[in-house]
Amino acid sequence: MFPAAVLLAFSFLATAYAQQAGTLTTETHPRLTVSQCTSANNCQQQQRSIVLDSNWRWLHATSSSTNCYTGNSWDESLCPDPVTCAQNCALDGADYANTYGITTNGNSLTLKFVTQSAQKNVGSRVYLLSSDDTTYELFQLKNQEFTFDVDMSNLPCGLNGALYFVEMDADGGKSRFPNNKAGSKYGTGYCDTQCPQDIKFINGEANILGWTGSASDPNSGTGQYGTCCNEMDVWEANMNGAAVTPHVCSVQGQTRCSGTQCGEGDERYDGICDKDGCDFNSWRLGNETFLGPGLTVDTRQKVTVVTQFLTNNNQTSGSLSEIRRLYVQNGKVIANSKTNIPGMATFDSITDDFCNAQKEAFGDTNTFESLGGLAQMGNAFQQGMALVMSIWDDHEAGMLWLDADYPTDVPATNPGVSRGPCSATSGDPTTVESQSASASVTFSNIKFGPIGSTY
Ligand SMILES: *[C@@H]1O[C@H](CO)[C@@H](O)[C@H](O)[C@H]1NC(C)=O
Ligand SMILES: *[C@@H]1O[C@H](CO)[C@@H](O)[C@H](O)[C@H]1NC(C)=O
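Positions 1093 to 1547 (my numbering) are the ones given, in order, by the sequence shown.
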């Protein structure tokens, strides 16, 4: 992900865990079937479930329905300090469909963009739980392949339907941080390479120190801490563009940051994580006719996205050396596009050589390399990474980094600036939340297994 996601607070009645667990609404995880493959055409269905991230949940006093957090501010009596707040406040269960617009059916998950109930909800983020329905499923994808179908036909400019992996604790941090009683059953413990500071609880403590409301989002704010970890963006996309992007950190596992470590603003390249990542976006890399409505990969229809994580010795024990992408649509396998950038060799996959060549051609700072490159991404997979699916809009940069010209203060003709066909104003949150409220993304048919087994 590039900037932080949009988060909402709720103030209607429901029950709760803080970072205890609440019980005004029973937490029932929507079921989702996935497939583990062992060889071609040999896949076993597995019953799994998904859980909503804790930041979207109603947070109230453990003993009553008094809000601990309303809009973008904390209740001062329930939350006088970070630890007391974690002890006094509970995260409640979620009404997935009616409040958050999250539904599943067999192997298919649909995330709606804006859902109006007693409150208005914008976007969502869910995690895949393992067969115990309580801890995150952790994926070890070195020398493996991960495949899913996606329908982006209802996802316009400025929105992002994302499927990615982050190096969260399997239990959401419950065992490392005893004030976190809710754990992964309530979607706690999120982290990514943006080191988001809008997360309400980090390391079992409320992020209330220095909390400042967002200028553009009445339901969000940021505290002095961020939560960082390695991130593999398999898919960040809408109808007009897509990127696959590994991002790494100098640390292993979920890590709280403060100050320069978080890499905010002018310190973007001084933090412990690589916020830019090494992205493969076909448009940005010189092919403007590869993916989009009616193009080679036609985003008006469902498409199968295959991602292969190859290692230097073709074994699970090896070092991650290449991330390959291919598509399948209407029974036809479509090879990834080839780069077409003056002065840059031709690539069709992500390798360290590709990353270095791309950073040089575009004049970008190469923190991906300095923080460990693909080998470090592989270390995260060796540890195990949780699967995230989300839909969001972008209060920091209007998603221009994905589907438009970005940055906006340099000529669009500079190498690497044009990333997609969308306009400079297309991702304005106020506009997309009103004009594209009914947008949605559907992910389905998740499969994983050895290279060549899933499509
Ligand atoms: C874009 O990709 C398509 C499909 O691979 C290919 O036919 C076309 O020539 C490519 N265009 C450029 C400019 O590379
Ligand atoms: C790994 O597999 C590829 C493709 O089959 C092959 O070209 C390569 O030589 C293999 N590498 C090693 C180290 O065995």
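Cβ coordinates follow ideal geometry from the N, Cα and C atoms, glycine included.
Near ligand 1: residue i beta-carbon under 7 Å from a heavy atom
| i | result |
| --- | --- |
| K1424 | no |
| T1438 | no |
| T1381 | yes |
| T1391 | no |
| S1510 | no |
| G1378 | yes |
| N1373 | no |
| K1430 | yes |
| T1388 | yes |
Per-residue DSSP class, three states only, for residue i
| i | result |
| --- | --- |
| M1469 | helix |
| A1478 | strand |
| V1041 | In the structure displayed, the chain extends from 1093 to 1547; residue 1041 sits before or after that span and is not available. |
| W1150 | coil |
| F1535 | strand |
| C1045 | Outside the shown range of the chain (1093 to 1547) lies residue 1045, about which nothing can therefore be said. |
| T1523 | helix |
| S1515 | coil |
| T1207 | strand |
| D1497 | strand |
| C1160 | coil |
| I1543 | coil |
| C1447 | helix |
| Y1282 | coil |
| N1190 | helix |
| L1230 | strand |
| M1093 | Confidence at M1093 is low in this model, with a pLDDT of 43, below 50, so the placement of that residue should be treated as unreliable; the coordinate-derived value is given next. M1093 falls in the coil class under three-state DSSP. |
| T1438 | coil |
| L1183 | strand |
| L1492 | helix |
| L1099 | Any reading at L1099 must be qualified, since the residue scores a pLDDT of 37, below 50, and its modelled position is unreliable; the value itself is stated next. Note: L1099 maps to coil in three-state DSSP. |
| S1462 | helix |
| L1168 | Inspection of the sequence shows that residue 1168 is occupied by Glu rather than by Leu. Three-state DSSP puts E1168 in coil, outside helix and strand. |
| L1105 | Note that L1105 scores 37 on pLDDT, short of 50, meaning its location in the model is unreliable; the coordinates nonetheless yield the value given after this. Coil. |
When the options are compared against residue i, the one with the closest alpha-carbon
| i | options | result |
| --- | --- | --- |
| Q1474 | F1257, E1488 and Q1289 | F1257 |
| T1158 | T1517, L1251, N1199 and C1177 | C1177 |
| G1470 | S1350, V1397, K1451 and C1341 | C1341 |
| S1146 | A1529, M1331 and G1265 | G1265 |
| S1515 | S1141, L1492 and L1412 | L1492 |
| C1320 | G1351, A1335 and N1332 | G1351 |
| Q1450 | G1378, V1343, D1309 and A1504 | G1378 |
| K1367 | A1334, D1284, N1404 and S1308 | D1284 |
| S1518 | T1118, M1331 and D1371 | M1331 |
| C1160 | E1119, K1292, Q1286 and Q1138 | K1292 |
| T1557 | D1358, V1420, N1405 and L1412 | Outside the shown range of the chain (1093 to 1547) lies residue 1557, about which nothing can therefore be said. |
| P1507 | S1267, R1268 and D1456 | D1456 |
| N1373 | S1209, A1262 and V1509 | V1509 |
| S1141 | A1453, S1530, S1429 and N1197 | N1197 |
| S1429 | T1239, K1394 and L1383 | L1383 |
| N1530 | V1175, D1173, S1245 and S1131 | The sequence given here places Ser at residue 1530; Asn does not occur at that position. Selected option, being the one with the closest Cα: S1245. |
| Q1179 | S1155, M1436 and G1193 | S1155 |
| H1191 | H1152, S1169 and W1148 | Reading the sequence as shown, one finds Thr at residue 1191 and not His. The residue with the shortest Cα to Cα distance from T1191 is W1148. |
| T1280 | T1117, V1218, V1175 and V1242 | V1218 |
| G1410 | P1270, Q1236 and S1545 | Q1236 |
| S1165 | L1255, V1524, G1315 and F1401 | G1315 |
Residue i CB to nearest heavy atom of ligand 2 below 7 Å
| i | result |
| --- | --- |
| N1406 | yes |
Interface flag, residue i vs chain B, CB-CB below 8 Å
| i | result |
| --- | --- |
| A1449 | Of the protein chains in this structure there is only one, and it is not chain B. |
Heavy atom of ligand 3 within 7 Å of residue i beta-carbon
| i | result |
| --- | --- |
| L1387 | Within the structure as shown, ligand 3 is missing, the only ligands being ligand 1 and ligand 2. |
Any contact of the stretch 1300-1307 with the stretch 1421-1437, i.e. 3+ C-beta pairs under 8 Å?
With the cut-off at 8 Å, the stretch 1300-1307 and the stretch 1421-1437 do not touch.
Length-filtered (3 minimum) beta strand (DSSP E) runs lying within the stretch 1240-1276:
1252-1258
Given 8 Å, three or more beta-carbon pairs between the stretch 1243-1250 and the stretch 1218-1225
Taking 8 Å as the limit for Cβ pairs, the verdict is that the stretch 1218-1225 does not touch the stretch 1243-1250.
At least three beta-carbon pairs within less than 8 Å, the stretch 1195-1207 to the stretch 1534-1543
Counting C-beta pairs with one atom in each stretch, the stretch 1195-1207 and the stretch 1534-1543 have three or more that are closer than 8 Å, which means they touch.
Enumerated in chain order, which unbroken segments of the beta strand (DSSP E) with a length of 3 residues or greater are wholly contained in the stretch 1350-1432?
Taken in chain order, the whole beta strand (DSSP E) runs of length 3 or more contained in the stretch 1350-1432 are 1395-1403, 1412-1421 and 1424-1427.
At a cut of 8 Å, does the stretch 1477-1494 reach the stretch 1229-1244 through at least three beta carbon pairs?
yes
Would you call the stretch 1369-1389 and the stretch 1207-1221 in contact, with 3 or more CB pairs under 8 Å?
no
Would you check if the stretch 1179-1194 and the stretch 1488-1508 touch, i.e. whether three or more CB-CB distances between them fall below 8 Å?
no
Just to confirm the assignment: which complete beta strand (DSSP E) runs, minimum length 3, are found wholly within the stretch 1287-1343?
Runs of the beta strand (DSSP E) inside the stretch 1287-1343: 1317-1320, 1323-1330 and 1333-1339.
Enumerated in chain order, which unbroken segments of the beta strand (DSSP E) with a length of 3 residues or greater are wholly contained in the stretch 1112-1144?
1123-1131 and 1134-1144
Is it a yes or a no for the stretch 1109-1122 touching the stretch 1269-1287, going by three-plus beta-carbon pairs under 8 Å?
yes
Mind the definition here: the stretch 1342-1362 touches the stretch 1408-1419 only if three or more C-beta pairs lie below 8 Å; say whether that holds.
no
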